[in-house]
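Peer 1:
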Amino acid sequence: MRLFRAALLMGAALLPLTAQAQSPGAVAKAPVAALKPLDFTERTLPNGLKVYAIRDTGTSNVSVQVWYDVGSKDDPAGRSGFAHLFEHLMFKATRNLPPETFDRLTEDVGGNNNASTSDDYTEYHETVPANHLQRLLFAEADRMASLVVDPAGFASERDVVKEELRGDFARPYGKLFSAYASAVSYSRHPYARSTIGSIANLDSASIDDVRAFHAVYYRPDNAVLVVSGNFDPKQLDAWVDQYFAGIKHPTTPIPRVAVAEPERTTATHYIVYEPNTPLPAVLISYPVPADKDPDNPALTVLNAVLSMGESSRLYETLVYRDQLAAQAQSYVDTKQGPGNLILFAAMASGKPASAGEAALRAEVARLRDTPVSAAELTEAKNQILTSALLGRETAEGKGRALAMSAIIDGDPRTSDRQLAEIAKVTAADVQRVARKYLRDTRSAAITYLPPEAAPASSKGDTIAIADTVQVAPLTPPAHIDTPVLASEADRIAPPKPGTPVTAAIPAPSEFRLANGLRVVVVEKHELPLLSAALVTTGGGADDPATRAGLADLTADLMTKGTTTRSATQIAREIEALGGSISSDAGWDGSDVDVTIKSDQAAPALAILADVAQHPVFAPEEIERARAQALDGVTVTLKDPGQLSGLVAARAVFGDAPYGHPLAGTPTSLKAITQSEIRAAYAKAWRPDQATLILVGDITSARAKALAEANFARWSAPGAPAPVAPVASAYPAPRVIVVDMPDAGQAGVVVARPGIARSDPAYYPASVANAVLGGGYSSRLNAEIRIKRGLAYGASSALTAHRGPGTLSARTQTKNPTAPDTVAIMVEQMKRLGSEPVPAAELETRKAVLIGGFGRASETTGGIAAVLGQYVLEGVPLDELKRYIPAVTAVDPAAVQKAAQAVIDPSRASIVVVGDAKLFLDALRKAYPQVEVIPADTLDLGKASLK
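The numbering used here puts the first residue of the sequence shown at 1, with every later residue one more than the last.
#1: Can at least three beta-carbon pairs, one atom from the region 117 to 136 and one from the region 187 to 195, be found at a separation below 8 Å?
#2: Which of the three DSSP states, helix, strand or coil, is assigned to GLN134?
#3: So who's on the other strand from PRO753, going by DSSP bridges?
#4: Given this structure, state the Cα-to-Cα distance separating PRO661 from THR559, to the nearest angstrom.
#5: Please classify GLY356 as buried or exposed, where buried requires at least 16 neighbouring CB atoms within 10 angstroms.
#6: Would you tell me roughly how many angstroms separate the C-alpha atoms of GLN323 and THR447, rounded to the nearest one?
#7: Across the region 305 to 316 and the region 398 to 410, are there enough close Cβ pairs to call them in contact, namely three or more that are closer than 8 Å?
#8: State the beta-bridge partners of VAL471 as determined by DSSP.
#9: Grab the span of the beta strand (DSSP E) containing ASP591 for me, first residue to last.
#10: May I ask you to report which of helix, strand or coil DSSP gives SER582?
#11: For the alpha helix (DSSP H) containing ALA170, name the first residue and the last one.
#12: Output yes if chain C places a C-beta closer than 9 Å to the C-beta of SER808; else output no.
#13: Quick check: ALA856 and VAL848, are their CB atoms within less than 9 Å of each other?
#14: Go ahead and pull the three-state DSSP assignment for SER354.
#15: Can you tell me the Cβ-Cβ gap for TYR217 and VAL70, rounded? I've got them flagged as a contact below 8 Å.
#16: Taking the beta strand (DSSP E) that PHE511 falls in, what are its first and last residues?
#17: How about SER60 and ALA504: are their beta carbons less than 9 Å apart?
#18: For ILE933 and LYS917, what's the separation of their Cα atoms in angstroms?
#19: How would you call THR667, buried or exposed, if buried means at least 16 neighbouring beta carbons within 10 angstroms?
#20: For ILE863, which residues from the same chain have a beta carbon less than 6 Å from its beta carbon, with the 5 sequence-adjacent residues on both sides left out?
#21: Looking at the unbroken beta strand (DSSP E) that takes in MET347, where does it start and where does it end?
#22: Thinking C-alpha only, which one of LEU534, ALA690 and ALA612 is nearest THR562?
#23: Counting pairs of beta carbons, one from the region 798 to 807 and one from the region 745 to 755, are three or more of them closer than 8 Å?
#24: What is the rounded straight-line gap between the Cα of ALA245 and the Cα of LEU45?
#25: Drop a sphere of 10 angstroms on the beta-carbon of HIS249, count the other beta-carbons inside from all chains shown, and report buried for 16 or more, exposed for fewer.
#26: Who are the Cβ neighbours of ARG924 in its own chain at under 6 Å, not counting the five residues just before and after it?
#27: With C-beta atoms as the reference, is GLU845 less than 9 Å away from GLY775?
#28: Can you name, in chain order, every residue of its own chain whose Cβ lies under 6 Å from the Cβ of ASP159, other than the five neighbours on each side?
#29: For GLU261, report the span of its beta strand (DSSP E) as first-last.
#30: Hey, could you find the ends of the beta strand (DSSP E) ASN769 is sitting in?
#31: Let me confirm a value: LYS459 is counted as buried when at least 16 other C-beta atoms fall within 10 Å, else exposed. Which label applies?
#32: How many angstroms separate the CA atom of VAL594 from the CA atom of ALA701?
#33: Kindly indicate the opening and closing residues of the alpha helix (DSSP H) around VAL305.
#34: Near ALA886, which residues of its chain fall below 8 Å by C-beta distance, leaving aside the five closest residues on each side in sequence?
#35: Leaving out five residues before and five after ALA926 in sequence, what residues of the same chain have Cβ atoms less than 6 Å from its Cβ?
#36: Run through the DSSP bridge pairs and tell me what ASP333 is partnered with.
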């Protein structure tokens, strides 16, 4: 099973695990961890629909999921990408619901919805306030029984999917994962085709194809319905019967793929040269059995040993020790049919892909030749256990775990059974499956290089779906219903919402240690999890003018060695406990975070305290982190979407704080010295400006004891904490094109100065931004995606810091339509300030904000993140209680006033990053002052950008 899938599905295992820390004197034992299996009910309706329900009265939400047993492996001949296209069409009209009604029923009431297509399934999920459950059941049944496909909706969504495909391929390594990996992994099975398909196949699809596909696969006996969250069981059964039981059960058989993939006995190797490849890369694929095979638990543990965390073998060897790769990872992609274990490495600058392939193969050989250690085995199981707990914090997560097993394995209990087996996996099991499945002769490898690396006489290999891949045509049933949208008079309206369920707002308590350290505690005892975050008010805004990235590099280095622990020891100790540790810098502060099972709080917080108080910033660690940061920047500079955001920040802020790239530039990163890093640490990391946030299965008394034990001896310097710089003025707006020849898409940003988080206008501005670009139903997305199909999505963001941030609108589109999207963004920004927002629209956008806030408060990590932001932004913690009333109180006049002050595009800069020859002339007609900067001469270290 996929590693993340193992985490989601973990539920029944009894894991008698003992972990020994690998630093002097520190021994941490993980006691037997009893995780209850998912507590659910099940029944099957006479029409074949399987119904599962997981009740959780601890939440005010409910999740509704419908999973269909049809995926890209079932795409008809000549129609690759069809199941995914159909996923999009399911959000259009039904007999009783006009197009986009699902967003009215979910997003507009504070919920959310989405869908995904895999090789084996297509799933649709919604999370809404619990009193809206009946409405969602009505809607899901209506689109199962009577989907309407009209020419306009079909054409629009097909264009949207094309933009999604272009976006996938425009990102570095997008084509490698979206198309090439599957093509080289199968010679006969239809899994060889990519889920997203091809432009040609999408263009060849017709409305008749769509209607036939729905008739063949979208039927109750080919679906599972999962409801999880806060509901009344008897009422749920009655509603399910009312809306789903009457859906017809077709008598025709459901086509099933029964193609056997032959054993690969000879290794294959391809070399390709693709544009927008910042670093050479290599991918190796090994065939593995179907998900329900008894060997999958051992393969899951093997994969965790190989690449889960910074103490994993791939990271320790390729990334850390040998510095061959900027990134190295693996994942097990198991399915209903034959799957694959994939290894991938993006090389460090100057390192050849051949060295990466040799290193990956050496690690695979080590798994075959030598049993993994007892410590590695324990660590892998503990990490899987913690990930499982995190996956089950929400109603949606619980439902997803159950539904995936029901569809992939045909049994919702398979996850519990598989994961109980993980606890029994031995080192011998891991070695056995490595020898069985990971032989070199069974591998398929791809070397992925930039075009400039190609020899003069070679264009590289062509990777295409093999002619031997067996794909069946779609055979439509003799009769296909073609529903149409009923007239308003004849439509059945969705039922009214029920009585609201009051959401519980987290109630933090706090105290201070004698040294000034602030400690904030939120008790949440539903699961044995603890999120701990130590945040301090010193971040990227403090970076000196020529040292962009200093705060970020300093934060990254804090987990890379202390006076008593090496970087490797830190990673091994925390991951042996089943936890993870990370350090990061934002604009206004920095943080070190630990996520752990709550029974391991004591040893985990000891590591956190050591990292925060005693980092050494050893020269060799600085050079290693510098090289990794430079490689990360190299990749970012090749991504049109990311690069457009960085250029926009410089255009808005110039040389002021928040203008430079937080992660640095190639020039600034190379210039940073050890003494500067130590000075940045000393300035930011002091107890009197730090806050320890503890959220989860912990009492206030326990939190105080742990804080005293680990942080009381941390002393504050005598000098007062420095004050962060604030921008005094902003440069004039600019129109900038960054010319990136052969870019697959254009990244488009319209951005202007915003406000600080503490500004009284924050809530009206937040609601105004939600109207503009907050969510699927926002004005930008409606105009750019829904109405015109110009992009996969369009959005806006109000980024408020301790000082004024930005208001930005952004999207990615095909290069020729970049000027069109700019015009739409500017027009919609103007509109918000020129006319009041209708009351009904305003209420839906408020619901988006309130619903998102509520969902963020469902998890330990989400609560810790919200509180951490409050600390860094300088707002009081009672903002948790004030947020919903403050949003609710915003009226149309306040929104219009905020839009005039914060969204007016007359102060906005416009940035387009893409292939300029395809759009520059059109853009110049609207903006004669446009500046054109070649991507290879762009200098993000300067306000001029050149």
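C-beta: ideal position from N, C-alpha, C; glycine also. Keep in mind that this is a model prediction, so the values were computed, not measured.
Peer 2: With the given structure in hand:
#1: At 8 Å Cβ cutoff, the stretches touch.
#2: helix
#3: THR806
#4: 22 Å
#5: With 16 or more Cβ atoms within 10 Å of its Cβ, GLY356 is classed as buried.
#6: 19 Å
#7: no
#8: DSSP, once it has assigned bridges, lists no residue as partnering VAL471.
#9: 590 to 597
#10: Strand, per DSSP.
#11: If you look at ALA170, you'll find it in the alpha helix (DSSP H) that goes 151 to 170.
#12: In summary, chain C is missing from the structure at hand, where a single protein chain is found.
#13: For the pair ALA856 and VAL848, the CB atoms are not nearer than the 9 Å cut-off.
#14: DSSP places SER354 in helix when its eight states are reduced to three.
#15: 4 Å
#16: 509 to 512
#17: yes
#18: 13 Å
#19: An exposed status is given to THR667, since fewer than 16 other beta-carbon atoms sit within 10 Å of its beta-carbon.
#20: Excluding five sequence positions before and after ILE863, the CB atoms of its chain that fall closer than 6 Å to its own CB belong to PRO506, VAL522, VAL695 and SER857, given in chain order.
#21: Here the beta strand (DSSP E) through MET347 covers 339 to 347.
#22: ALA612
#23: yes
#24: 6 Å
#25: exposed
#26: VAL930
#27: Strictly speaking, residue 845 in this sequence is Arg, with Glu absent from that position. Yes, the Cβ-Cβ distance between ARG845 and GLY775 is below 9 Å.
#28: GLY789
#29: Segment: none, GLU261 is in no beta strand (DSSP E) and carries neither H nor E.
#30: Note, ASN769: premise wrong, no beta strand (DSSP E); alpha helix (DSSP H) at 762 to 773.
#31: exposed
#32: 20 Å
#33: 296 to 307
#34: The residues are TYR763.
#35: none
#36: ASN340
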